[in-house]
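Colleague: Here's a structure for you.
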Amino acid sequence: MPPGLTTPDIAGGTTQQSLVSTVVTPLGQSSINGSVSAAEELHRHLSHARIPNMQRERDNKIGQENYPVVERHQAGQGGTTNNINTLSDLIAALLLPHNIKPPFSNDDNLYKVIDSTPLGGIPWQMVTVHYNGERPDQDIPPWMDAGYEVSFRDPREVVRNMLANPSFNGQMDYAPYWDFDENDEQEWQDLMLGEWAWKHADEIAKDPSTHGSMFVPVILRSDKTTVLVATGQNDYYLIYVSIGNVHNNVRRAHRNAVAVVGFLAMPKTTQEHAPTPQFRKFRHQLFHSSVSTILQSLKPAMTTPKVAMCADGHYRKVIYGIGLYITDYEEQVLLACIVKDYTLGRCNAFAKNLDGSGMLREHEHTEVLVKELDLSILWDEYGIVGELVPFTNGFPRADIREIMAPDILHQLIKGVCKDHLIVWVQQYLELNHTKADAATIMDDIDHRIAAVAPCAGLRRFPEGHGFKQWTRDDSKALMKVYLPTIKGHVP
Numbered sequence: 000m001p002p003g004l005t006t007p008d009i010a011g012g013t014t015q016q017s018l019v020s021t022v023v024t025p026l027g028q029s030s031i032n033g034s035v036s037a038a039e040e041l042h043r044h045l046s047h048a049r050i051p052n053m054q055r056e057r058d059n060k061i062g063q064e065n066y067p068v069v070e071r072h073q074a075g076q077g078g079t080t081n082n083i084n085t086l087s088d089l090i091a092a093l094l095l096p097h098n099i100k101p102p103f104s105n106d107d108n109l110y111k112v113i114d115s116t117p118l119g120g121i122p123w124q125m126v127t128v129h130y131n132g133e134r135p136d137q138d139i140p141p142w143m144d145a146g147y148e149v150s151f152r153d154p155r156e157v158v159r160n161m162l163a164n165p166s167f168n169g170q171m172d173y174a175p176y177w178d179f180d181e182n183d184e185q186e187w188q189d190l191m192l193g194e195w196a197w198k199h200a201d202e203i204a205k206d207p208s209t210h211g212s213m214f215v216p217v218i219l220r221s222d223k224t225t226v227l228v229a230t231g232q233n234d235y236y237l238i239y240v241s242i243g244n245v246h247n248n249v250r251r252a253h254r255n256a257v258a259v260v261g262f263l264a265m266p267k268t269t270q271e272h273a274p275t276p277q278f279r280k281f282r283h284q285l286f287h288s289s290v291s292t293i294l295q296s297l298k299p300a301m302t303t304p305k306v307a308m309c310a311d312g313h314y315r316k317v318i319y320g321i322g323l324y325i326t327d328y329e330e331q332v333l334l335a336c337i338v339k340d341y342t343l344g345r346c347n348a349f350a351k352n353l354d355g356s357g358m359l360r361e362h363e364h365t366e367v368l369v370k371e372l373d374l375s376i377l378w379d380e381y382g383i384v385g386e387l388v389p390f391t392n393g394f395p396r397a398d399i400r401e402i403m404a405p406d407i408l409h410q411l412i413k414g415v416c417k418d419h420l421i422v423w424v425q426q427y428l429e430l431n432h433t434k435a436d437a438a439t440i441m442d443d444i445d446h447r448i449a450a451v452a453p454c455a456g457l458r459r460f461p462e463g464h465g466f467k468q469w470t471r472d473d474s475k476a477l478m479k480v481y482l483p484t485i486k487g488h489v490p
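Put into structure tokens, the structure is as follows:
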């Protein structure tokens with residue numbers, strides 16, 4: 000097996016030499032410990048300073064010369080430091096008759112309080128990744144010397160904020176359960192209603208060290224996006240995080256139940272080296288290594304319970320787990336380390352024989368195949384890229400082949416309607432008619448789509464279905480009216 004294809008972050012599974020090296024740089028992190036307590040102390044002192052007795056004493060004609068704060072501050076000599084010290088002395092004298100300690104004693108103490116105040120919530124960190132594998136003796140490709148930046152926030156803190164969000168109270172499940180309708184039929188709507196969450200909660204309950212802990216499945220999603228108004232680099236690779244305890248309607252309503260937790264690197268190189276297998280494998284392993292690094296703070300809490308505040312105001316012991324990873328087929332190939340257009344991520348059925356005798360992929364079975372078989376056999380007979388190691392290999396109770404979930408937009412809405420049905424209809428017409436006749440029939444289908452009468456819940460398409468840029472709403476609206484418009488043109 001070729002060396003240099005994983006990072007030290009990915010433990011378990013096949014042991015391989017490191018491909019990348021990382022350097023973590025905190026962004027905007029305070030050097031003063033106890034920042035929250037200092038800020039709370041400042042707020043407490045200022046709140047106590049606004050006492051009614053002081054206002055009443057001022058109203059009782061205590062001379063204004065006893066409160067020369069503004070005048071002394073404006074006329075102070077010696078710059079900002081002297082002004083702050085003078086103001087501190089005046090505040091201390093002002094609070095002395097009431098036996099109240101001043102919020103700060105001098106300029107140095109004030110600056111420490113300011114520096115310890117948290118800014119912008121959870122700080123961002125940056126990881127610089129470098130290639131650390133084998134190099135040729137000469138003509139080294141430029142991508143081997145380049146550094147690739149990965150920016151991220153602590154996902155555990157992001158998840159803790161979601162758990163403690165009081166707006167989720169009453170819309171969060173703290174344990175898996177089964178729901179049945181009036182006909183005794185089981186219903187599925189949220190993640191905690193599924194068999195997967197129930198199974199993992201049972202495993203947690205069987206372990207004496209985790210018994211009684213609340214299971215928090217972490218939902219992941221990564222997606223490439225393009226910013227149209229930006230200059231320079233305008234494409235980004237974002238990774239999102241959510242929790243499975245929150246109800247789906249809350250998540251769809253964009254009520255802070257989904258958060259960006261990282262920006263993944265998008266390595267690029269010259270056209271000469273871009274198609275090479277070595278660069279392609281580095282790019283794929285870089286993705287797994289980056290995700291593994293981002294999720295490291297969750298790893299200790301996957302086996303040892305941690306106390307966290309929940310939306311109802313109660314504190315609970317929680318066990319985190321990697322829940323679903325929502326992605327389209329392109330990323331399923333990347334996540335499952337399989338051959339594209341050859342096999343599937345969740346089962347080993349081949350793309351050309353989906354109804355064959357395929358079985359679900361399992362971590363243990365895949366590890367045995369990688370250990371015992373040659374890379375060429377893995378590729379040709381099983382559709383597995385044996386050089387790559389999924390990021391889930393380094394986390395307990397995590398199997399990437401089990402947690403992958405389809406992307407509803409790209410695989411169901413746009414995938415079934417636009418990429419399959421509409422394309423199939425056009426190809427069918429071109430195979431069974433001349434090119435001119437096929438174009439005439441397609442025009443007739445567009446005329447039928449445009450002739451749909453206005454009705455509540457239906458959208459009109461005056462120009463037919465010839466969109467230049469398809470959106471989710473376009474696909475969902477066209478699905479409601481497309482089937483009747485092709486009647487008589489296709490079997």
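The sequence shown begins at 0 in numbering that gives the first Met the number 0 and counts up by one. Backbone N, C-alpha and C define an ideal beta-carbon position, used for all residues, glycine too.
So does the stretch 191–206 actually touch the stretch 267–274, counting three or more Cβ pairs closer than 8 Å?
Modeller: They do not touch, by the three-pair rule.
Colleague: Just list the beta strand (DSSP E) runs in the stretch 401–463, keeping only unbroken ones of 3 residues or longer that don't cross its boundaries, in chain order.
Modeller: Runs found: 403–405.
Colleague: Whole-angstrom Cβ separation of Pro140 and Thr303, contact assumed at under 8 Å?
Modeller: With a Cβ gap of about 43 Å, Pro140 and Thr303 do not count as contacting.
Colleague: Mapping DSSP to helix, strand and coil, what is His199?
Modeller: It is helical.
Colleague: Determine the closest residue to Val317 out of Val226, Arg155 and Pro101, with distance taken between C-alpha atoms.
Modeller: Looking at the Cα atoms, Arg155 is the closest of the given residues.
Colleague: DSSP beta-bridge partners for Ile383?
Modeller: Answer is Ile337.
Colleague: Buried or exposed for Ser289, going by 16 or more other Cβ atoms inside 10 Å?
Modeller: Result: buried.
Colleague: To the nearest angstrom, how far is the alpha carbon of Asp311 from that of Pro122?
Modeller: Computed Cα separation, rounded: 26 Å.
Colleague: From this set, Met161, Ile337 and Pro405, which residue's C-alpha is nearest Ala256's C-alpha?
Modeller: Of Met161, Ile337 and Pro405, the residue nearest in Cα terms is Met161.
Colleague: Only counting the same chain, and skipping five residues up and downstream in sequence, which positions put a Cβ closer than 6 Å to that of His362?
Modeller: Closer than 6 Å at Cβ, skipping near neighbours: Asp398.
Colleague: Which residue's Cα is closest to the Cα of Asn498: Glu401, Val489, Leu457 and Phe460?
Modeller: The chain is shown from 0 up to 490; residue 498 falls before or after that span and cannot be answered.
Colleague: Between Asp418, Pro216, Pro207 and Ala163, which lies nearest to Asp189 when the distance is taken from Cα to Cα?
Modeller: Out of Asp418, Pro216, Pro207 and Ala163, Pro216 has the C-alpha closest to the C-alpha of Asp189.
Colleague: Taking buried to mean at least 16 other C-beta atoms within 10 Å of its own C-beta, is Glu386 buried or exposed?
Modeller: It counts as buried.
Colleague: Just to confirm the assignment, what range does the beta strand (DSSP E) spanning Val128 have?
Modeller: Looking at the DSSP string, the run of the beta strand (DSSP E) that includes Val128 is Trp123 to Tyr130.
Colleague: Quick check on Ala92: does DSSP put it in helix, strand or coil?
Modeller: Correct three-state label for Ala92: helix.
Colleague: If you follow the alpha helix (DSSP H) that Asp293 is part of, which residue opens it and which one closes it?
Modeller: It is Ile, not Asp, that sits at residue 293 in the sequence shown. Taken as a continuous stretch (DSSP letters only), the alpha helix (DSSP H) holding Ile293 covers Pro276 to Ile293.
Colleague: Using only the alpha-carbon positions, how far apart do His47 and Asp153 sit?
Modeller: Unreliable placement is indicated for His47, whose pLDDT of 46 sits below 50; no coordinate value is reported for it.
Colleague: Work out the CA separation of Gln277 and Glu133 for me, nearest whole Å.
Modeller: Those two C-alpha atoms are separated by around 10 Å.
Colleague: Out of Glu186, Met171 and Ser104, which has the shortest C-alpha to C-alpha gap to Asp178?
Modeller: Selected option, being the one with the closest Cα: Glu186.
Colleague: Taking DSSP's pairing of strands, which residues face Thr342 in a bridge?
Modeller: Looking at the DSSP assignment, Thr342 forms a beta bridge with Phe349.
Colleague: Measuring alpha carbon to alpha carbon, tell me which of Arg250, Trp195 and Phe151 ends up nearest Ile402.
Modeller: Among Arg250, Trp195 and Phe151, the Cα nearest to that of Ile402 belongs to Trp195.
Colleague: With distances taken Cα to Cα, identify the nearest neighbour of Val384 among Ala348, Phe390 and Val369.
Modeller: Looking at the Cα atoms, Val369 is the closest of the given residues.
Colleague: Whole angstroms are fine: how far does the CA of Ile337 sit from the CA of Cys346?
Modeller: Cα-Cα distance, rounded: 11 Å.
Colleague: Is it the case that the stretch 472–480 contacts the stretch 445–463, given that we only count it when at least three CB pairs across the two stretches are under 8 Å?
Modeller: Segments in contact, yes.
Colleague: Taking Cβ positions, are Asn244 and Met171 nearer each other than 9 Å?
Modeller: Yes, the Cβ-Cβ distance between Asn244 and Met171 is below 9 Å.
Colleague: Determine the burial state of Gly487: buried for a count of at least 16 other Cβ atoms within 10 Å of its Cβ, exposed for fewer.
Modeller: So Gly487 ends up on the exposed side.
Colleague: What does DSSP give as the partner residue(s) for Ile376 in the beta ladder?
Modeller: Answer by DSSP bridge pairing: none, since Ile376 is not bridged.
Colleague: State the start and end residues of the unbroken beta strand (DSSP E) segment that holds Val149.
Modeller: Residues Gly146 to Arg152.
Colleague: Which two residues bound the contiguous beta strand (DSSP E) that contains Arg315?
Modeller: Tyr314 to Thr326 is the extent of the beta strand (DSSP E) around Arg315.
Colleague: Just verifying my parser: in three-state terms, what is the DSSP assignment at Ala476?
Modeller: Note: Ala476 maps to helix in three-state DSSP.
Colleague: Which class does Ser87 belong to by DSSP, given the choice of helix, strand or coil?
Modeller: Residue state, collapsed to three classes: helix.
Colleague: I'd like the list of long-range same chain contacts for Arg510, defined as Cβ closer than 6 Å, with 5 residues on each side in sequence excluded.
Modeller: The shown model of the chain, from 0 to 490, leaves out residue 510, and the question about it has no answer.
Colleague: From Asp106 to Gly120, what does the alpha carbon distance come to, in whole angstroms?
Modeller: Approximately 26 Å between the Cα atoms of the pair.
Colleague: For Glu329, which of helix, strand or coil comes out of DSSP?
Modeller: Glu329 falls in the helix class under three-state DSSP.
Colleague: When DSSP labels each residue in this structure, what does Ser46 get in the three-state scheme?
Modeller: Interpretation of Ser46 is limited by its pLDDT of 46, a score under 50 that renders its predicted location unreliable; no figure is taken from the coordinates.
Colleague: Any idea if Met358 is buried or exposed, counting beta-carbon neighbours within 10 angstroms, 16 or more meaning buried?
Modeller: The residue is exposed, with fewer than 16 neighbouring Cβ atoms inside 10 Å.
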